[in-house]
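Residue numbers (the working numbering): 13 to 103. Heads up: the structure comes next, in structure tokens.
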Amino acid sequence: MFGTAAAAYGEIARLAGGANAIAARAKALVATDPVQALYLTNIALGSEPTDVASLEARLAALRALERRSGNSSERGWLQAGIRDAEAKLKR
């Protein structure tokens with residue numbers, strides 16, 4: 013009825029200091045909480061879809077999750093996300 017939470021990502025990013033600030037926090041969380049890091053990159057990229065720091069943080073989080081995954085379906089989803097992030101970084 014009111015849309016998704018993603019509609020507010022731009023405003024959340026602005027309040028948090030921008031995509032680069034969120035990406036820095038996401039990078040810091042990759043080793044200890046890659047899921048949280050991935051959520052943060054969703055917000056950062058929702059506000060700035062081509063932000064390099066956010067894409068790098070997303071890639072690191074996806075790779076960390078892939079290394080930990082024991083589920084082939086989950087690994088496939090993560091590998092698709094990795095390919096997508098890598099492709100966006102090459103642009």
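Just so you know, even glycine gets a beta-carbon here, dropped at the ideal spot from N, CA and C. The structure presented is a predicted model; accordingly, all values stated were derived computationally and were not measured.
What three-state label does DSSP hand valine 42 in the structure shown? Correct three-state label for valine 42: coil.
In three-state DSSP terms, what is glutamate 86?
helix
Local conformation of threonine 53 per DSSP, three classes: helix
For glycine 30, which of Gly93, Arg79, Ala65, Leu77 has the nearest alpha-carbon? Ala65
| task | Tell whether a beta-carbon distance below 7 Å holds between glutamate 98 and arginine 87. | result | Taking 7 Å as the Cβ cut-off, glutamate 98 and arginine 87 do not qualify as a contacting pair.
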